[in-house]
Amino acid sequence: QRFTTVGISQLTTSQQHLDRPVLTATQINNKWSLKGRCPWVTGADSVSTLVTGAISINSQKTQATPHFFVLETNSSGVKIAPPMELLALTGSRTSSIELDHVSPAAEIVSKSESGPQTGGLGTTALAVGSTRASLAILEQESFRRGQLKPIFEELEKEVAVIESMLFQFATKGIGTQERNLLRQRANTLVTRTAQAALTASKGAGFVKGHPAEHLIRESMFYLVWSCPQSVTESLLCDFAGLENQSFISRTNRS
């Protein structure tokens, strides 16, 4: 069996603060050569092919356009790092891949020059699913301790609103600012609900292997996974107790 994975975070969120593209593509005599790093690749050591994206360093355009490629992981110049020990989702066997003048098997011609986008509705949907798992723990605890019932009900109302908005936007479409605001709300809720589930589980929830312990670690994933800069800034402002709406508006206007 042959499996394929995707490594394009270098084009969206990962290491975007660096001056030079993390992964570059050079074209010589109509042949491409890739050099650099794919920092986050799921199942990197378990696949035969990789779909990735790189910035052409000899592009004559004022704004660099990403190019997408398929490459064989057993090609000369490909070095796959051991899987990372992550806070959660270690089973994904995520690691980085170094490319040293690698010739791709094929180029994927994209119809759009805008490149991949961050913070899609899919990431918000997964955060909602994790929230629901934490709510299930809280609900079970509320059956035994009635004082937890209003806590559960309030969080249930909040996730129901986000779910309703998610389904609506998935059907009718959504603008960038509204999508980022929804992701921010989902991120905040998934972490708060996981903390509530842990608190309600008491000491038992702090023992490794307990569902509440697992969900606490999982909730942290949404703070760093495919998170647009405006959402990251807004969350940091939330943590500091600062007004944050201006960050999202300002970032999306720029």
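Numbering (the numbering used here), first residue to last: 5 to 258.
Glycine residues also receive a C-beta, built at the ideal position from the N, C-alpha and C atoms.
Computed from a predicted model, the values in this text were never measured in an experiment.
- Beyond the five residues adjoining it in sequence on each side, Ala164 comes within less than 8 Å, by CB distance, of no other residue in the same chain.
- It is roughly 33 Å from the alpha-carbon of Thr128 to the alpha-carbon of Val82.
- With contact defined as three or more Cβ pairs closer than 8 Å, the region 154 to 173 and the region 228 to 244 are not in contact.
- Spatial neighbours of Glu167 in its own chain (CB-CB distance under 8 Å, excluding positions within 5 residues in sequence) are listed in chain order as Val132.
- With contacts defined by Cβ atoms closer than 8 Å, Leu142 and Ala204 form a contacting pair.
- Leu75 is positioned such that its CB atom lies no closer than 8 Å to that of Leu27.
- Under the three-pair Cβ rule at 8 Å, the region 220 to 231 counts as touching the region 91 to 99.
- Contact between Glu145 and Trp36 fails: their C-beta atoms lie close to 56 Å from each other, not under 8 Å.
- By the beta-carbon neighbour count (other beta carbons within 10 angstroms, threshold 16), Pro87 is buried.
- For Glu102, the beta-bridge partners assigned by DSSP are Arg41 and Lys83.
- Less than 8 Å separates the beta-carbon of Pro108 from that of Leu38.
- Take Arg6, set aside five residues on each side of it, and the residues of its chain with a beta-carbon closer than 6 Å to its own are Ser52, in chain order.
- Beta-carbon to beta-carbon, Ile101 and Ala48 are separated by about 6 Å, close enough to satisfy the 8 Å threshold.
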